[in-house]
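Asker: Below: one structure in structure tokens.
Here's what the structure looks like:
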């Protein structure tokens, strides 16, 4: 088989796999409502099993493989992140709060000056 024939076969199978995924998910939702009188534990286990099977089927598609690859790469990148220490986080939060307070006071003062100036020009005092 050449590459284009394999892509077409994979594409049509991917469509069927996604149809199975959708059927499993819709079936788990419908089954949860239909069997509402059953034990919550049994329904929860059934839904978890159905969603797990749907996930496994989805991972067999091209988009599923890309999503799994992306998740693995994301996990690798998160491990590279250098998180701030508690002290750095507290100091940064304090700086943000102080700057926010200063900016709010500056904007309040500017608003008061502009309000006074417009009142002076128009002759209206409130």
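In my numbering, the protein residues as written are 29 to 154. Here a beta-carbon is modelled for each residue, glycine too, at the ideal position from N, C-alpha and C. None of the values given here were measured: they were computed from a predicted structure.
(1) Where do the ends of the alpha helix (DSSP H) carrying residue 101 lie?
(2) I need the straight-line Cα distance from residue 46 to residue 112, nearest angstrom please.
(3) Using only the alpha-carbon positions, how far apart do residue 81 and residue 75 sit?
(4) Touching or not, the region 82-99 and the region 48-63, by the rule of three or more beta carbon pairs under 8 angstroms?
(5) So within the region 108-150, which uninterrupted alpha helix (DSSP H) runs reach at least 4 residues, ignoring any that extend past its ends?
(6) Run the CB neighbour count on residue 49, radius 10 Å, all protein chains shown included, and call it buried at 16 or more, exposed below.
(7) Nearest-angstrom Cα distance between residue 41 and residue 95?
(8) Applying the criterion that 16 or more other CB atoms from any shown protein chain within 10 Å of the CB defines a buried residue, is residue 72 buried or exposed?
(9) Compute the distance between the beta-carbons of residue 52 and residue 78, then report whether it is under 7 angstroms.
(10) At the level of alpha carbons, what is the spacing between residue 150 and residue 132?
(11) With a threshold of 16 other CB atoms inside 10 Å of the CB of residue 86, please say whether the residue is buried or exposed.
Answerer: According to the data block:
(1) 90-108
(2) 42 angstroms
(3) 10 angstroms
(4) yes
(5) 114-150
(6) buried
(7) 18 angstroms
(8) exposed
(9) yes
(10) 27 angstroms
(11) buried
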